[in-house]
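Chemist:
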Amino acid sequence: MRVRPFGEWILLLTVLLALVGSGLPLLPRAGTAARLLALAQNSPAIAAIRLPRVLTPERVEAEIDAAIVAEDDDLARSFLDLADAHGVMVAPDRRARVAAMQNGASYRAARAFAAGAATGEAETAAGLAGVLAADLSGLGDIRDIAREGPICARGEACDTLVLGLATVGLATNAATIASAGAATPLRAGVTILKTARKLGRLPAPLVAALTRMVRASVDPEAVRVLVRAGGASMQRA
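Read the sequence shown against the numbering used here and you will find it ends at 309, with the numbers running on by one and no gaps.
(1) On the CB-based measure, 16 or more other CB atoms within 10 Å of its CB, does L271 come out buried or exposed?
(2) Considering only C-alpha positions, which residue in the set L235, A157, D156 is nearest to R287?
(3) Can you tell me whether D207 is helix, strand or coil according to DSSP?
(4) Near L258, which residues of its chain fall below 8 Å by C-beta distance, leaving aside the five closest residues on each side in sequence?
(5) DSSP three-state call for G253: helix, strand or coil?
(6) Since V203 and T283 are thought to touch, with beta carbons under 8 Å apart, how far apart are those beta carbons, to the nearest angstrom?
(7) Would you check if the distance between the CB atom of I140 and the CB atom of L152 is smaller than 8 Å?
(8) Could you give the residue range of the alpha helix (DSSP H) that holds E133?
(9) Is it a yes or a no for the stretch 213-230 touching the stretch 161-174, going by three-plus beta-carbon pairs under 8 Å?
(10) Find out if the Cβ-Cβ distance for the pair L211, R269 is shorter than 8 Å.
(11) According to the Cβ coordinates, are L237 and V262 closer than 8 Å?
(12) Taking the Cβ atom as the reference point for each residue, do F185 and G199 lie within a distance shorter than 8 Å?
(13) Look at the alpha carbon of R183 and the alpha carbon of V132, and state the distance between them as a whole number of angstroms.
(14) Could you work out which residue in R149, S150, P129 is closest to M161 when comparing CA atoms only?
(15) How many angstroms separate the CA atom of L274 from the CA atom of A148?
(16) DSSP state of P275, grouped into three classes?
(17) Roughly how many whole angstroms lie between the Cα atoms of L208 and A190?
(18) Would you call the CB atoms of G188 and A168 closer than 8 Å?
(19) Considering only their Cβ atoms, is the gap separating G241 from D213 smaller than 8 Å?
(20) Quick check on the DSSP output: what are the complete alpha helix (DSSP H) runs of length 4 or more inside the stretch 164-208, in order along the chain?
(21) Let me know if D165 comes out buried or exposed under the rule of 16 or more other beta-carbons within 10 Å of its beta-carbon.
(22) Which stretch, first to last residue, makes up the alpha helix (DSSP H) that contains D153?
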């Protein structure tokens with residue numbers, strides 16, 4: 073058995089000390105990684121480990137400010153509650169702005185409802201309720217036909233899918249009345265498709281498929297007659 077020279081032992085010890093020294097800064101991260109690995113099937117526990125690292129006062133304030141700008145009182149309140157639960161300080165003036173926004177939530181909901189009913193476009197639940205209310209009464213479909221119909225009749229670029237869905241919507245309104253409300257889910261489905269189309273949230277393949285279905289099921293001449301009748305009614309009014 074060969075005995076290592078003293079110099080080799082010194083070199084080996086130096087290398088070991090260097091490895092230990094370089095590994096010390098990694099120990100906290102290694103501990104976190106080990107905890108995450110042990111809790112891989114426990115999502116709430118993983119969130120509890122990671123959250124303190126990202127839930128800084130600056131981050132919370134930025135998220136609350138963004139929610140205030142977007143007039144999303146639920147999101148702003150959620151970040152405020154999250155900050156309180158983890159002891160993150162939030163400035164009093166920012167808390168006051170969130171409270172003021174929540175006090176005006178009813179007004180904003182009413183405004184969104186009215187805008188949805190008038191324009192047929194919505195990005196909030198209240199706005200979608202307005203769109204649905206207008207369509208259930210038939211006014212929303214008449215509005216969309218009056219808007220897109222003349223453009224299509226002139227041969228200009230128009231949204232034939234919205235026009236077709238509005239025409240189908242009028243037919244489902246009649247079915248809803250005749251069935252004492254049993255066809256309401258169908259009526260709501262047409263409205264949701266039409267709204268998603270206006271917002272550009274329908275996938276291209278679905279748009280193509282729906283457009284083919286509309287062209288196959290909607291009589292263009294009947295639509296032109298309906299558009300002309302609507303225009304004549306508006307002129308008499």
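Cβ coordinates follow ideal geometry from the N, Cα and C atoms, glycine included.
Modeler: Straight from the coordinates:
(1) By the 10 Å Cβ count, L271 comes out exposed.
(2) When only C-alpha atoms are compared, the closest one is L235.
(3) In this structure, D207 counts as helix in the three-state DSSP scheme.
(4) Listed in chain order, the non-local C-beta contacts of L258 below 8 Å within the same chain comprise T244, A247, T248, local neighbours out to five positions each way being set aside.
(5) If DSSP states are grouped into helix, strand and coil, G253 belongs with coil.
(6) In this structure V203 does not touch T283 by the C-beta definition: roughly 21 Å separates them, more than the 8 Å allowed.
(7) Going by C-beta atoms, I140 is not nearer than 8 Å to L152.
(8) The continuous alpha helix (DSSP H) containing E133 extends over residues 129-141.
(9) Three or more beta-carbon pairs separated by less than 8 Å are not found between the stretch 213-230 and the stretch 161-174, which leaves the two stretches without contact.
(10) The answer is no: Cβ separation not under 8 Å.
(11) A contact, by the Cβ cut-off of 8 Å.
(12) Result yes, Cβ atoms of F185 and G199 sit closer than 8 Å.
(13) Rounded to the nearest whole angstrom, the CA to CA distance from R183 to V132 is 28 Å.
(14) Each of R149, S150, P129 was checked against the Cα of M161, and the nearest Cα belongs to P129.
(15) Cα to Cα, L274 sits roughly 29 Å from A148.
(16) DSSP places P275 in coil when its eight states are reduced to three.
(17) Looking at the two C-alpha atoms, the distance is approximately 13 Å.
(18) Contact: no.
(19) With contacts defined by Cβ atoms closer than 8 Å, D213 and G241 form a contacting pair.
(20) Counting only runs of 4 or more, we get 164-175, 177-191, 197-208.
(21) Flag for D165 reads exposed.
(22) Residue range 145-157 is occupied by the alpha helix (DSSP H) that includes D153.
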